[in-house]
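Visitor: Each number in my numbering comes from the position in the sequence shown (counting from 1) with 12 added on.
All residues carry an ideal CB built from backbone N, CA and C; glycine is no exception.
This structure is a prediction, so every number in the text was calculated from the model and none was measured.
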Amino acid sequence: MGSLSHPVTSVGGGYGIGFVFEAMYGSDARFDPTIGMGSGSLNSLYQWAPTQAHLDAHLPWLFSHGIDVQVGQMYGIMGVEGTPAQARPFYTFNYASDYIVPFETVGILATMHLTKHMDWILGVDAGNSTTFGRSGNNNKPKGYFGFAFNHLLDGKLDVHAIGHFGPQGNNGRAIMSPDGWSSAGMGPLANEKMQYNGNIMAAYHVNKKVTVTVDGIYLHDDLTHDDVYGVSSYLAWAIRPWLTLNARGEIYRDNTGAVTAQYSSFTSYTKSLSNEPYPYYAAPPTTYGELTVGVSYQPEFINKRLGLGALTIRPEMRLDKSLNGTHPFNQAGTVSNPIVNNGTNNMLWFSCDAIWAF
Numbered sequence: 013m014g015s016l017s018h019p020v021t022s023v024g025g026g027y028g029i030g031f032v033f034e035a036m037y038g039s040d041a042r043f044d045p046t047i048g049m050g051s052g053s054l055n056s057l058y059q060w061a062p063t064q065a066h067l068d069a070h071l072p073w074l075f076s077h078g079i080d081v082q083v084g085q086m087y088g089i090m091g092v093e094g095t096p097a098q099a100r101p102f103y104t105f106n107y108a109s110d111y112i113v114p115f116e117t118v119g120i121l122a123t124m125h126l127t128k129h130m131d132w133i134l135g136v137d138a139g140n141s142t143t144f145g146r147s148g149n150n151n152k153p154k155g156y157f158g159f160a161f162n163h164l165l166d167g168k169l170d171v172h173a174i175g176h177f178g179p180q181g182n183n184g185r186a187i188m189s190p191d192g193w194s195s196a197g198m199g200p201l202a203n204e205k206m207q208y209n210g211n212i213m214a215a216y217h218v219n220k221k222v223t224v225t226v227d228g229i230y231l232h233d234d235l236t237h238d239d240v241y242g243v244s245s246y247l248a249w250a251i252r253p254w255l256t257l258n259a260r261g262e263i264y265r266d267n268t269g270a271v272t273a274q275y276s277s278f279t280s281y282t283k284s285l286s287n288e289p290y291p292y293y294a295a296p297p298t299t300y301g302e303l304t305v306g307v308s309y310q311p312e313f314i315n316k317r318l319g320l321g322a323l324t325i326r327p328e329m330r331l332d333k334s335l336n337g338t339h340p341f342n343q344a345g346t347v348s349n350p351i352v353n354n355g356t357n358n359m360l361w362f363s364c365d366a367i368w369a370f
């Protein structure tokens, strides 16, 4: 992942201007396209995706602390775990960040600083991972509404409550592939059926070394009649300046199983957003439990000699389990039966990534 950016810098009169341009290349880009922005240009395991392309401005308007505005392609602002590796504590995502929250949006986002500790957030965008025209899903406006409370209780507590609302279904007709897979098109009905996505997060800094975070996310889709929701809790303990212990626990429910899907080809997710037939498999209605423990380790003996940036190594151990008796793990679906319930009840996995940030 690489970026070219300039922080918002004063240009006089209380105004400030900045920008961010960022893109990723690799296997993860298969699941992070924005339709109409290079999507589908590569079809192999390794793909590329622009992840940020926005102009930023500070405006000394209306409120004593002004307004910050972003225009362009931006990361979603809900949840705790971001797309860049450094924006989350683990290599793997929790369920809510993988399946519920918007990844990227294209539009306008305004953060109005009502007081020193309170922000009002408003935004209008084209929807999750889509743009406009043929690259949109239904070309109806979507947007954010929420509030953030920063540095409460002598700087120990941060809270936000944010919602993202609007029709998210594709209004094209359903298309079938020769091998029997369908596209996600729902016809004109998609123009009026709303999706409601809400997030409440609270992070409490117990002291300089320990932070506890609780994150709750809910999604309701009028088009698919689905409700998906989850609560995740996090513990971060900076044992040493170069070693942090992280723990995460999550309970997550998909009432129909339709949202928590596995996109089973290199281009499945891109095609699902583009109203093209795509292979996938999903599970029955399932309540998932997930526990993850890992460390973030910055080896001093390497970083002292690195000369450029810093290396972070993050091993982790994770246990996933169905809490309502389904068996959705370690088994693929088929075109005749894409709903998996003949796999295992749980899944234990070990992961590790390395980040060289410079």
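Check whether the region 114-128 touches the region 44-51, counting contact only when three or more Cβ pairs, one atom from each stretch, lie closer than 8 Å.
Guide: As far as the Cβ criterion goes, the region 114-128 touches the region 44-51, which means the pair count is three or higher.
Visitor: Would you report the Cα separation of P19 and S76, rounded to the nearest angstrom?
Guide: Taking the straight line joining both Cα atoms gives about 21 Å.
Visitor: Which class does N151 belong to by DSSP, given the choice of helix, strand or coil?
Guide: It is coil, neither helix nor strand.
Visitor: Would DSSP call G25 helix, strand or coil?
Guide: Reduced to three states, the DSSP call for G25 is coil.
Visitor: Here's the rule I'm using: 16 or more other beta-carbon atoms within 10 Å means buried, otherwise exposed. How should L57 be labelled?
Guide: Exposed: under 16 other Cβ atoms inside 10 Å.
Visitor: Compare the Cα-Cα distances from G145 to each of M329, Y216, G184 and report the closest residue.
Guide: For the residues M329, Y216, G184, the minimum Cα distance to G145 belongs to G184.
Visitor: Work out the CA separation of R317 and D238 for me, nearest whole Å.
Guide: Taking the straight line from one Cα to the other gives about 52 Å.
Visitor: Kindly indicate which residue of D170, S363, N358, P179 has the alpha-carbon position closest to the one of V307.
Guide: The candidate whose alpha carbon is nearest that of V307 is S363.
Visitor: Kindly identify the DSSP beta-bridge partner or partners of Q98.
Guide: BP columns for Q98 are empty, so no partner.
Visitor: Would you check if there are 3 or more beta carbon pairs closer than 8 Å linking the region 152-167 to the region 100-113?
Guide: They do not touch, by the three-pair rule.
Visitor: Give every residue of the same chain whose Cβ lies closer than 8 Å to the Cβ of P375, excluding the five residues on either side of it in the sequence, and list them in chain order.
Guide: Past the boundaries of the shown model lies residue 375; the chain is included only from 13 to 370, so the question cannot be answered.
Visitor: If you drop the 5 nearest sequence neighbours on each side, which residues of the same chain put their C-beta closer than 6 Å to that of N162?
Guide: These residues qualify, in order along the chain: H129, D170.
Visitor: Could you tell me if V92 is buried or exposed, where buried requires 16 or more neighbouring beta carbons within 10 angstroms of its beta carbon?
Guide: Buried, by the Cβ-count rule.
Visitor: For Y208, I'd like the list of residues in its chain whose CB is within less than 6 Å of its CB, leaving aside the five on either flank, ordered along the chain.
Guide: Cβ neighbours of Y208 beyond the five flanking positions: F177, H232.
Visitor: Using a Cβ-Cβ distance under 7 Å, would V118 count as near chain C?
Guide: Protein chains in the displayed structure number just one, and chain C is not present.
Visitor: Using only alpha-carbon positions, find the residue among K152, N150, I212 that is nearest to F159.
Guide: Minimum Cα distance to F159 is reached at I212.
Visitor: Using the C-alpha atoms, what's the distance from L320 back to P101?
Guide: If you take the alpha carbons of P101 and L320, they lie about 22 Å apart.
Visitor: Could you give the DSSP three-state label for T287: helix, strand or coil?
Guide: Looking at the sequence provided, one finds Asn at residue 287 rather than Thr. Looking at N287 - three-state DSSP - the assignment turns out to be coil, as it is neither helix nor strand.
Visitor: What does the alpha-carbon distance come out to for the pair P179 and K205?
Guide: Going by the C-alpha atoms only, they are around 5 Å apart.
Visitor: Measuring alpha carbon to alpha carbon, tell me which residue in A65, Y241, R260 is nearest L247.
Guide: Comparing Cα positions, the closest option is R260.
Visitor: Considering Cα atoms alone, identify which of F157, N219, N149 is closest to N203.
Guide: Of the candidates F157, N219, N149, the one whose C-alpha sits nearest the C-alpha of N203 is N149.
Visitor: Are the CB atoms of Y216 and V222 nearer to each other than 7 Å?
Guide: Contact: no.
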